[in-house]
Each structure stands twice: as C-alpha cells, then as structure tokens.
Amino acid sequence: MNRALWVLLQLRYRAWLRRQSQKMHTLRGISLAGFGAILLCLWILSLVADPSVRRLGPDSLERYGALVLLAYSLVVILVSSSGKAVSFTPAEVNFLFSGPFSRRGLLVYKIITSLALSSLSAGFMMFLLHAYTRLIVAGFLGLVLAAAFLHLLSMAVSLAVITLEAHAYNRHRKFALGALFGAALLIVLQATGEAFPQSAGEFLTRAEESPVLHLILEPLSWYARAFAAPRVWPDLVHWSLMALAVNGVLAVAVIGFDTHYLEAASIAGERVYARLQRIRSAGSTVQLFAPVKGVFSLPSLPWWGGLGPIAWRQLLAAIRSVKGLLLYLCFCGAVLLWPFLFEKASRGITNLLGEMTPAIVIMATLFISSIIAFDFRADIDRIDVLKSMPIPPYGLAFGQLVTPVILATIFQLFLVAFLAAVWRGIGLLALFGVIFIVPFNVLLFGVDNLLFLLFPSRFIPTPGDFLLMGQQLLVSVARCATLTLMLIVAGLPAGIVYFVGGDPFVLLFAAWLGLASAAAGLVWFVAQAFSSFDVARSTPP
Amino acid sequence: MSVIVEDFHKTYGGTVAVAGLTFEVQGGEILGLVGPNGAGKTTTLRALAGILTPTRGRLIICGHDLAEEAVAAKAALAYMPDEPKLFDQLTVWEHFRFIASAYRLKEWSARAEALLAQFELAEKRDTLGADLSRGMRQKVAICCGYLHQPQVIMFDEPLTGLDPYGIRAMNDSIRMRAQAGAAILISSHLLSLVEDLCTSVLILHRGQQLVHSSLADLRSHLTESGRKETLEDFFFRLMEAPDKIINSRPGDAR
Chain A
1104 MNRALWVLLQ LRYRAWLRRQ SQKMHTLRGI SLAGFGAILL CLWILSLVAD
1154 PSVRRLGPDS LERYGALVLL AYSLVVILVS SSGKAVSFTP AEVNFLFSGP
1204 FSRRGLLVYK IITSLALSSL SAGFMMFLLH AYTRLIVAGF LGLVLAAAFL
1254 HLLSMAVSLA VITLEAHAYN RHRKFALGAL FGAALLIVLQ ATGEAFPQSA
1304 GEFLTRAEES PVLHLILEPL SWYARAFAAP RVWPDLVHWS LMALAVNGVL
1354 AVAVIGFDTH YLEAASIAGE RVYARLQRIR SAGSTVQLFA PVKGVFSLPS
1404 LPWWGGLGPI AWRQLLAAIR SVKGLLLYLC FCGAVLLWPF LFEKASRGIT
1454 NLLGEMTPAI VIMATLFISS IIAFDFRADI DRIDVLKSMP IPPYGLAFGQ
1504 LVTPVILATI FQLFLVAFLA AVWRGIGLLA LFGVIFIVPF NVLLFGVDNL
1554 LFLLFPSRFI PTPGDFLLMG QQLLVSVARC ATLTLMLIVA GLPAGIVYFV
1604 GGDPFVLLFA AWLGLASAAA GLVWFVAQAF SSFDVARSTP P
Chain B
2 MSVIVEDFHK TYGGTVAVAG LTFEVQGGEI LGLVGPNGAG KTTTLRALAG
52 ILTPTRGRLI ICGHDLAEEA VAAKAALAYM PDEPKLFDQL TVWEHFRFIA
102 SAYRLKEWSA RAEALLAQFE LAEKRDTLGA DLSRGMRQKV AICCGYLHQP
152 QVIMFDEPLT GLDPYGIRAM NDSIRMRAQA GAAILISSHL LSLVEDLCTS
202 VLILHRGQQL VHSSLADLRS HLTESGRKET LEDFFFRLME APDKIINSRP
252 GDAR
C-alpha cells in the first residue's frame, strides 16, 4: 500500500482521538463522558454478572457458531448490491480516486479501515458474548477474524457484482440462489430421512450429519473454535491460523480482482453517504429510505396561528417517508406483540394482559417516539429557516408536534384495537384511556422536543463516543423525570376532585382537563426553548 | 428606512463576532457586506433575519424592532443563506405552497410560475428537494425568498453554485427588486460582483466596521486622492493595516 495511505490512516486515527479529547475540555464534556463510562461499566457488569446467559456456554457456541456464521454469510451475499461493500466516503473519492494510487492499493486501504472498525466493534461484542468464550483473548480474536471474514466476503461479492454486468449478475444471482436452495433442500432431505424430526435440536443434529452442510460448515467452524478455544496453545493458535488462512484466501481474491470498480464504488459511496446524511439531519432511521416520489399530496391547512403551514409540511414529509415508516412500525408492532400472542395460550393471564393495555400502549409509544420524529428533531439543520419565518414561536412549536402526535395516536389506536381483538374485550381502564391518548401524546412529544432543543444531538453516534452516551443517558433520565413531573401536575385537578368526592365523570373530566392543560403549558416551554436555541452554538456538528 | 442597525454586538462566550455595528439601508439601496472570513458578515445577516439574538443593540426592519415585533419584521424580509436548505420530501411547487401558507399569501400561483420560468425551473416543478442539484436548490431557495415580495432581501454568497444563466438571472432580479423599492443586503467575497451590483459597501474586519460608504462616494474619494483603484485594490490596501483604521477612526471610517 502507498505510504501516503498509511499516513492518511494515521491522521484519521489521530483526528478521532483529537475530536474525543476536544470534547473533554469543558466541565460539561467531562461530566457527560463520565456518565457514559459509568453507563458502559454498568452494562458490562450486568452482562458479566447475569447468570441466565451462562446456561448455553462455549460448548453450544462451538456447535452452533458455524451455523450462525453461515446464516450471516448468506445475508451478506444477498444484500451485497453493486459496490456497497467497497464504497468510499465523498472525501476519499475526491482525494484518493484522482490521486496517484493503484486500485489494489485502495482496496488494501479499504480492508484495513474496515478491519480497524470491526476490531473496535469486536471489543464491545466480546462483552456481549463473554458467556460463550473460555478465554477473553480467544473471544476477541475469534470475533475480529469472523468480522474480517464477513467484510472480505462482502467485498468479494461486491467486486464480483461490479465485474459482471447488472443483467448477468441478476441471472448469476438467480442461479446461485437456485444452487443454494438446492443444497439446502438436499440437507433438509438428508436431515429428515425417513421420519420428520420431533424438535429443532433433533433437526440440527441430523443436518450436521449431512455431508454437504458439513463441507460448507467446516471452514466456518474454525472461527467458532478459535472463539471458544480453551487454551492459547495449541487450540487458539491452531484455529485462528486456520481462520486466518481462509481470510487470506479471500483477501487475495479481493485484491486479485483487477476490475474497474472505482466508478461503481464512488456511486455506491455517494448513496451510502446520502443515506447517512439524511439520518444525521433528520434524526430518524426512517430516513434510511429516500423520499417516496409521486404519492398524493395534501391540501394546505388553514393558518391557525402558524400551526397550519408547519403541520402541513411535516405531515407531507411523513407521507413521503411512508415506506420506512410502515416497515419500522410493523417491525415495532411485531416485536411488541409477539410475546403477548405467544402467552395467549396461557389463559390465566389473559385478563391481566387485557388490563395492561394502557401500559403496553405507553411502552410502545416510548419505543416508537424516535422513529416518528417528524418534529424539531427532524429539523436540526433547518432551525435557521424556521426561525426566519413570520410565525409566532408558540404556533410553530404546536405545528411541529402535530404530525408525531397524529402518527402515534393512529399507531396506539391500532394497538388497542389489536389487543381488544386478541383478548375479545379490553379493560375498562383501557377504554377510558383512549380519550387521554391525544393530550398524553402532546405531553410526551413535547418533553422529547423540549429536551432535544435544550440538549441537541445527532442521531448517529461515533464509535466509542462516551460523551454522547453520557448525554443520552442524562436525557433519558431527564425525559422520565420531566414526564413524571408533568403527569403529577396534570393529575392535581383529578386528585382534588377525588378527595372532594365528586362524580366519576367529573373526576374523568378533571383528569382530562389537567392533562390537556399540562400539555398546552409544555408546548409554551418548547416554544421558549426554540426561541432561545442559538443556531450558531447549539447545532451539533 | 428599511433596515436600521444600531450598536449591534454579538459575542459567543469570550469570542466577539460583531462589535458595535451601526448602519442603515434604505429602500432601493443595495448594500454589499465585504470582509475576510470571520469578519462577522454572516452573523450580521443571520441576526437581521431573526435567527440569532443580538448580545446588544437594536435591529429594525421596516419599522419593526426584531426584539419586540419579530413576526411583523420577518414577514417583511427574506433571507437566503449560503447553503440552500430545502425540505427533502417536498417538491419544488410544494415549497411554494408552504411559503405561501407561512407568509399568508393569496393569488401567488402566477407569481410562482413566473419565478419558475425566470430561473429555468419549470421542468423541476414536481421534483423533490432531495433530487435537486446544488445549483437548482439555490435557485429554489431564491424563488421561495422572492415569492412573498419582501421589502428587505438578504443574500449570503448568492452566486455560489449557479450556472452563467442563473448568475445573469440572479443579478437582473436583484436590480429589479431594488428598483421596485426593496432594500437589499449582499454578503459576498466576489468584490467584482459587489462593485458591479451594489450601490453602497460596508467593509468589516473581525466584527468591526472599517468602511461604510456609497460606492459613488468611495470612487470619487479614491479619484480625489489620486488613486485609480478598483474596490479589490482598495480592499487589499485596507486589509494591510486594518487596525490603524479601527483605532484612528472608529465607526464610519470613510
């Protein structure tokens, strides 16, 4: 590799260190980094001390690790679209592609940067998977080798894709998928034999005996054996050298691809960078997907004190992000409801779950809050545009909250309807809870936006950014505290009515009024935070 | 008077971005804000647009004090930043709809169509903001700024990213708006543009005002002193010893 590329790697590493240290120059930076470090230590301790994880242990990893790696490899092959794994950042495209560097030299540079990042990730993953390893060093090395294997495989597939024409690739991919399907079918047939297996464990045991799968899994099992090695010598050295040899073959294949990948790589790089920029700017992974073109528009809303135009704009943005939104909301719904559907078999807890509907709905809303961030959080780079508009801050703040409140309400009503359908009737509490949904949502998103305007941050953290971790921890604590405080304030009128001994409907009305008033009051605070937001100083880099 | 700036200060912690700026811009006047990087040009424009709050001083737009009547002041102005920030999910026409709604405009469609034609954007009418090139985004931002016919227009590096046709359309439109009575402020490093387009110039250095003069006065002053200088020559001569001017002639140093 060209010496200048080594210098660049060195400079980038120094820049990362410098950026981290610069943040520590203030009391705020030191405090937040301290919180981040504490959070990390607590997380690691909770993992190390959790006895439930130890049930599986290194033996199961040795047995199933290769299968997991095979599944990952298949995903890598399937998702490796043209040039994605060899994408470069716009700055790299600008300086390196037109510079005096060979294509192979740039590939080596890319491999090294990918390895450096995967080593950092392996450090974190090591703690997550510590229960499956016998030696810390073996676990770390095994993870680094496996991550390198996946990177190299992805690069090899991407380069193969670039080499072939798109049409040819599609045909080849279909052929490859057909071959994979055939192999899988062969394995299944061999595994099932005469009688259908009684359990997943039995199926895996039989599948392992299949010679086809055995052949595929053998080299992958070397990574698992290196990870779970009991001794440095000879186990770790032996298996890690074997895994390294596989990686070496892949690396030689990647570098040996003397293909004109630069154009495809720069296009892929631009695409990846544009996605990252969208997420960074909009503050939500929904923006991973480009805006949908050609969908219907919305009629303009009336002025309503400035609320109308702002809400219209965010609603339109939400409609244009429908692809990502639906995907994420369905995913969240499935994740949240799956355990409850599973537990449905147990009739004893049915009534309890029915009564728990409000709690489920609140949990779900907290969960999806960052996904439907069509508010100030999505406008971090456009606060100056909003500030220069002739719209009063209160109207603007209210307008910004309309879209997430509407989206959350629709999601919650679907959730309540679903739960009601599953348990054939929901608790009385949940039924009354529906009328509180809108003011509660205003309160929730008001708190989220207030904290965001007071402590703005980007959605995408950089690896090892303790300061950001600390800030996010603090914001989470502040979010819970503010929400609790607001709910207490909101509950005061209802409390007074309760002690006076008023009618249940008056009590309900007082509770609703209290919540609505607290929500309206909070919007005023959001408006004040927006007014005092200093775009020159508060906008995060 | 369209724009009045009185004793404007802006500081960030210990850093002084602008110190004691005082000037006025009348309707029909085109003021060029000139200065090296970090002189305080963008800070001044952003404060005048109501984006930044002054540390001290008064900013008045068309008779409305920005500190007291922010909404009324903002309704009369348009600010076009150096980096056009469009809404990615909105089409070009939907940007106009949004601006029309935010500025409470009626009968704006014909004007929007004319702007699209003037800036050669007619074909991009239904294109999403995310799909536009840098130059196109700049043009859309300019059209959005013009749509509500502001009395005060502020440009921060207006020609960046524009093609020759765009530059010509931009220059013509600025002159037309000024002739129609709008007060215009342009921050630019292109001194030839300032000399060609502006009627007056304000030269800043490290947040302080070095020179504030009409270009006609400046030219006659330079001729009287026996120098045949362009604005560029004058600017570089000024920058050789800016502190001397600040110390000897605070405020208007003409």
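The listed protein sequences correspond, in order, to chains A and B.
Read in order, the letters of the first sequence are residues 1104 to 1644 in the numbering used here.
Read in order, the letters of the second sequence are residues 2 to 255 in the numbering used here.
Virtual Cβ for every residue (Gly too), placed ideally from N, Cα, C.
Note that the coordinates shown come from a computational prediction; the quantities given were computed from them, not determined experimentally.
Does the distance from the C-beta atom of residue i to that of residue j stay below 9 Å?
| i | j | result |
| --- | --- | --- |
| S1403 (chain A) | S102 (chain B) | yes |
| A1597 (chain A) | G1624 (chain A) | no |
| P1412 (chain A) | G1549 (chain A) | no |
| T200 (chain B) | L32 (chain B) | yes |
| I52 (chain B) | D1482 (chain A) | no |
| Y147 (chain B) | L116 (chain B) | yes |
| L1410 (chain A) | L1255 (chain A) | no |
| I62 (chain B) | L46 (chain B) | no |
| L1135 (chain A) | Y1212 (chain A) | no |
| D1484 (chain A) | P1507 (chain A) | no |
| L22 (chain B) | L205 (chain B) | yes |
| D89 (chain B) | T161 (chain B) | no |
| L91 (chain B) | L129 (chain B) | yes |
| L1554 (chain A) | L1323 (chain A) | no |
| L1238 (chain A) | V1335 (chain A) | yes |
| L1518 (chain A) | V1464 (chain A) | yes |
| A1619 (chain A) | P1542 (chain A) | yes |
Helix, strand or coil for residue i? Go by DSSP, reduced to three states.
| i | result |
| --- | --- |
| Q209 (chain B) | strand |
| P1566 (chain A) | Residue confidence is low: P1566 (chain A) scores 47 on pLDDT, short of 50, so the model does not pin down where it sits. Its coordinate-derived value is still stated next. Correct three-state label for P1566 (chain A): coil. |
| G58 (chain B) | strand |
| H1128 (chain A) | coil |
| L1142 (chain A) | helix |
| L1345 (chain A) | Inspection of the sequence shows that residue 1345 (chain A) is occupied by Met rather than by Leu. Helix at M1345 (chain A). |
| L1172 (chain A) | helix |
| A79 (chain B) | strand |
| I1494 (chain A) | coil |
| L160 (chain B) | coil |
| D66 (chain B) | strand |
| G252 (chain B) | Because the pLDDT of G252 (chain B) is 42, which lies under 50, any placement of that residue in the model is unreliable, and the number read from its coordinates should be weighed accordingly. DSSP places G252 (chain B) in coil when its eight states are reduced to three. |
| L1404 (chain A) | coil |
| A1269 (chain A) | Any answer about A1269 (chain A) is weak, because its pLDDT of 48 lies below 50 and its placement is not dependable; what the coordinates show is given next. Correct three-state label for A1269 (chain A): helix. |
| I1509 (chain A) | helix |
| S1620 (chain A) | helix |
| L53 (chain B) | coil |
| I204 (chain B) | strand |
| F236 (chain B) | helix |
| A1632 (chain A) | helix |
| T231 (chain B) | coil |
| P1333 (chain A) | coil |
| K140 (chain B) | helix |
| A242 (chain B) | coil |
| N1544 (chain A) | helix |
| A181 (chain B) | coil |
| N1105 (chain A) | coil |
| M1466 (chain A) | helix |
Tell me, which residues are paired with residue i by DSSP?
| i | result |
| --- | --- |
| E25 (chain B) | B:I5 |
| A40 (chain B) | According to DSSP, which records beta bridges pairwise, A40 (chain B) is partnered with nothing at all. |
| V19 (chain B) | B:K11 |
| F1477 (chain A) | Paired residue(s): none; F1477 (chain A) is not in a bridge. |
| L186 (chain B) | B:L32 and B:M155 |
| S174 (chain B) | None, per the DSSP bridge assignment. |
| T92 (chain B) | B:L129 |
| D215 (chain B) | A small correction: the amino acid at residue 215 (chain B) is Ser; Asp does not occupy that position in the sequence shown. Answer is B:S201. |
Can you round the beta-carbon distance between residue i and residue j to whole angstroms, since I take them to be within the 8 Å contact cut?
| i | j | result |
| --- | --- | --- |
| G19 (chain B) | G41 (chain B) | Sequence inspection shows Val at residue 19 (chain B); the Gly mentioned does not correspond to that position. V19 (chain B) to G41 (chain B), Cβ: 4 Å. Contact. |
| W1615 (chain A) | I1538 (chain A) | 6 Å |
| A170 (chain B) | Q139 (chain B) | That pair is no contact at about 11 Å. |
| G28 (chain B) | A242 (chain B) | So it is not a contact: roughly 36 Å between Cβ atoms. |
| A1251 (chain A) | F1330 (chain A) | 13 Å between Cβ atoms; not a contact. |
| P1496 (chain A) | A1630 (chain A) | 4 Å |
| I1474 (chain A) | C1433 (chain A) | About 11 Å; that fails the 8 Å criterion. |
What I want to know is whether the C-beta of residue i ends up closer than 8 Å to one or more non-hydrogen atoms of the ligand PLP.
| i | result |
| --- | --- |
| A1420 (chain A) | Absent from the structure shown: the ligand PLP. Ligands present: none. |
*What runs of the alpha helix (DSSP H), each 4 residues or longer, lie entirely inside the segment 94-121 of chain B?*
If only uninterrupted alpha helix (DSSP H) runs of at least 4 residues are considered, those enclosed by the segment 94-121 of chain B are 110-119.
_4-residue-minimum alpha helix (DSSP H) runs that sit fully inside the segment 1177-1248 of chain A, ordered along the chain_ = Within the segment 1177-1248 of chain A, the complete alpha helix (DSSP H) segments of 4 residues or longer fall at 1206-1231, listed in chain order.
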